[in-house]
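Using UniProt numbering, the first residue of the sequence shown is number 1, and each one after it goes up by one.
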Amino acid sequence: MSDIRRKATEIIRGHKAMDGAGVHLTRVLGIKTTNSFDPFLMLDGFDSHNPEDYIKGFPWHPHRGIETVTYLIDGAMDHGDSLGNKGSILAGGVQWMSAGSGIIHQEMPQASQHMLGCQLWVNLPRKDKMSEPSYGDIVASDVPKVEEPNAVVRVIAGNYKGTKGGFAPKYVQVTYLDVALKPGETWEYNGTANNETLFTYLFSGEMAVNEALDQMEHKGCAILYSASNENKEECETVRIKAGAEGARFALFAAEPLREPIAWGGPVVMNTRQELEQAFDEMDRGTFIKDNAAMV
1 MSDIRRKATE
11 IIRGHKAMDG
21 AGVHLTRVLG
31 IKTTNSFDPF
41 LMLDGFDSHN
51 PEDYIKGFPW
61 HPHRGIETVT
71 YLIDGAMDHG
81 DSLGNKGSIL
91 AGGVQWMSAG
101 SGIIHQEMPQ
111 ASQHMLGCQL
121 WVNLPRKDKM
131 SEPSYGDIVA
141 SDVPKVEEPN
151 AVVRVIAGNY
161 KGTKGGFAPK
171 YVQVTYLDVA
181 LKPGETWEYN
191 GTANNETLFT
201 YLFSGEMAVN
211 EALDQMEHKG
221 CAILYSASNE
231 NKEECETVRI
241 KAGAEGARFA
251 LFAAEPLREP
261 IAWGGPVVMN
271 TRQELEQAFD
281 EMDRGTFIKD
291 NAAMV
């Protein structure tokens, strides 16, 4: 394993927000973080024991130019789209939707004892923004699990120690891990070559990421780890220590796109003209270009 360590260079502590028809959530990443977290656009965390916080859901709304990745550790969410596709995300499941040229959908959480998870927005490359919409539903049993002495790692996408993820992204090669780290234990990840952007999001518990591993961060924060050199072929280790109650966190990694961003609500394109065209098509009823496909 490499002796070179990535350092935690940016800590984003999420703030309480409301979206959809009145869903209480933690907004972690957004328009102000697009440069340093490229190609990741937005991250919202869900953590509630009160169904009133989320039951009104996210009624019908459009998307273009992005991928949305919804993951639930606990809880359930029904979804459907304007093309007649329907399904449910249950505990441990994932929905990976590529909006591409345009889709209209809804996401409706169901009452449960605990709603815990997150939704990530991944920017699509310029050449793929008008691709055919598609989505994949991955049930918990199809997400590979790597059991280690100090942690259990669920491989949602990418590759971890030779185990391939339950979903294979088509456009942006994202690594997405869900790590349950035991109390007081230290976990290392060094699969960072060709993943310039790498960050973690803490669902629950506490974890230390500073050099001495003695400064604890609490749930609801995103931590960006930057490489110490420009040799992209050389892996650098990320080292994390759990607090007294353990830590449950996601790790995300990908190569940045380094393309201009024009962001207008649920639509993310490269130019203002493309944004205006998208909203004009919504007004004229020509927004939907293709039928979504299962992947």
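C-beta: ideal position from N, C-alpha, C; glycine also.
The three-state secondary structure of ILE89, taken from DSSP, is strand.
Less than 8 Å separates the beta-carbon of GLY93 from that of LEU72. Contact annotation: ALA222 and LEU43 have beta-carbon atoms nearer than 8 Å. The three-state reading of DSSP puts ASN35 in helix, counting H, G and I together.
If you compare the alpha carbons of GLY205, TYR176, LYS219 with that of THR197, the shortest gap goes to TYR176.
Close CB contacts of ARG5 within its chain, under the 7 Å cut and outside five residues either way in sequence, are with GLU236, THR237, ARG239 (chain order).
By the beta-carbon neighbour count (other beta carbons within 10 angstroms, threshold 16), MET18 is exposed.
For ASP214, the secondary structure class from DSSP, reduced to helix, strand or coil, is coil.
In terms of Cβ geometry, GLY45 and TYR189 do not form a close pair [threshold 8 Å]. Taking one beta carbon from each stretch, the region 142-149 and the region 113-129 have fewer than 3 pairs nearer than 8 Å; the two do not touch. Excluding sequence positions up to five before and after SER131, its CB lies within less than 6 Å of the CB of GLY100, all in the same chain and listed in chain order.
Taken in chain order, the complete beta strand (DSSP E) segments of 3 or more residues contained in the region 241-286 are 262-264, 267-269.
Along the UniProt domain "Pirin N-terminal" (24-122), the beta strand (DSSP E) occurs as fully enclosed runs of 3 or more residues at 40-48, 58-63, 66-74, 76-81, 86-89, 94-98, 103-110, listed in sequence order. Look at ALA168 here: in three-state DSSP terms it is coil, with no helix or strand label. Secondary structure note for THR237: it is in no beta strand (DSSP E), with a DSSP letter that is neither H nor E. One Cα belongs to SER112, the other to ASP78, and the distance between them is close to 13 Å.
Here PRO133 is near ILE103, since their CB atoms are less than 8 Å apart. With respect to the 8 Å criterion, ALA140 and ALA91 are classified as neighbours on the basis of their beta carbons. With a beta-carbon spacing of about 18 Å, GLU259 and ASN194 fall beyond the 8 Å limit used to define contacts. DSSP lists ARG154 as the bridge partner or partners of LYS145. Counting of Cβ neighbours within 10 angstroms places GLY136 among the buried residues, the total reaching 16 or more. Taking C-beta atoms under 8 Å as the contact rule, MET207 and LYS241 qualify, at a distance of about 6 Å. The three-state secondary structure of ARG5, taken from DSSP, is strand. Annotated as distal: TYR54 and PRO144, with beta-carbon spacing of 8 Å or more. For GLY246 and ILE11, the gap between their C-alpha atoms comes out near 19 Å.
LYS182 carries a coil assignment under DSSP once its states are collapsed to helix, strand and coil.
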